[in-house]
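Those letters in the sequence shown? Residues -21 to -1, 1 to 197, by mature numbering (1 follows the signal peptide of the UniProt record, and there is no 0).
Cβ atoms here follow ideal geometry from the backbone N, Cα and C, with glycine treated the same way.
Note sheet for the following structure.
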Amino acid sequence: MKTIRPLRRAAALALLLPVFAGCATQQQLKEYQDEIARLREREAKLQRDNSRLASELDALNADLLDASHRLSEALSGPQYSALTDMGIGVNVRGNDLVISVPSSITFASGKAELTAPGQNAVRAVANVLRSDYPNSEFWIEGHTDSQQPSRSGFDSNRELSIARAMSVLTFLVDSCGVPDSNCVLVGHGEYTPVASNDSADGMSQNRRVEIVVHQPQG
């Protein structure tokens, strides 16, 4: 009798094993099916989001292109021709207007005080800013060539570029009525050239103050 009972228990367990195995397999199958359903739902959501973002991007690109076209058309006006006649560069960069005033017009070599021709140039720029962009933000950005300043009183090109940008900003605000709250001061030094510094002509192009007109969004 003692030998039969363990055998009976073993036989009973053997009979139950397929049942347990079947339950485990069914549970795993349900988990896999649930996971697949979740992944498909997530995929569908991502596809919807991607479609929406693509539509928004297309709309933004269209708005940007339209704004750039309108800005380019505006640059054909007489006030902009007056700037270019003075040797001032006028260009479009993205959605911004960039007015580039060469240092050959505005400053003596190594100096940061506006010359008389420089004051006239900045005054002409101010007329455009006040009339056409009263609600825009103006970034006054100073640039230099790569030659380090010597006997100029400035320790670095960065310092010189900041001082020149500050002179332009101060004249715009104090003498031309441009709101100080609309202005931002930036000094790049020699680090944002538009031409090679290997030639005198390239260095001359790099010495400039740019007034970047940032258009309000929305």
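When secondary structure is reduced to three states using DSSP, V104 falls in the helix class. Following the DSSP letters along the chain, one finds I67 in no alpha helix (DSSP H), marked with neither H nor E. Each of E120, I84, S160 was checked against the Cα of N136, and the nearest Cα belongs to E120.
Excluding residues up to 5 positions away in sequence, V71 lie with their Cβ nearer than 7 Å to the Cβ of S51 in the same chain. H48 counts as exposed, since fewer than 16 other C-beta atoms from the protein chains shown sit within 10 angstroms of its C-beta. With distances taken between CA atoms, D64 lies nearest to P81 out of N74, G73, L76, P81. The Cβ atoms of L93 and S146 sit closer than 8 Å to each other. For the pair V69 and D124, the Cα-to-Cα distance works out to about 20 Å. DSSP assignment within the region 154 to 194 yields the following whole beta strand (DSSP E) runs of 3 residues or more, N-terminal first: 162 to 168, 187 to 193.
Judged by DSSP in its simplified three-state form, P81 adopts strand. Per the Cβ contact rule, the region 179 to 191 is in contact with the region 142 to 157 (3 or more Cβ pairs under 8 Å). Short of 6 Å from the beta carbon of F133, and not among the five residues preceding or following it, lie these beta carbons of its own chain, in chain order: L139. Counting other Cβ atoms within 10 Å of its Cβ, A144 reaches 16 or more and is therefore classed as buried.
Taking a C-beta distance under 8 Å as the contact criterion, N106 and Q58 qualify as a contact pair. Around E10, the same chain offers no residue with a beta carbon nearer than 6 Å, after the five sequence neighbours per side are excluded. Between S83 and S178, the C-beta spacing is not below 8 Å. DSSP lists L164, I190 as the beta-bridge partner residues of I119. A straight line joining the alpha-carbon of A91 with that of A46 spans about 35 Å. In this structure T4 is exposed. Its beta-carbon is surrounded by fewer than 16 other beta-carbon atoms within 10 angstroms. By the C-beta density criterion, R186 is buried, having at least 16 other C-beta atoms within 10 angstroms. When only Cα atoms are considered, A41 and L76 end up about 18 Å apart.
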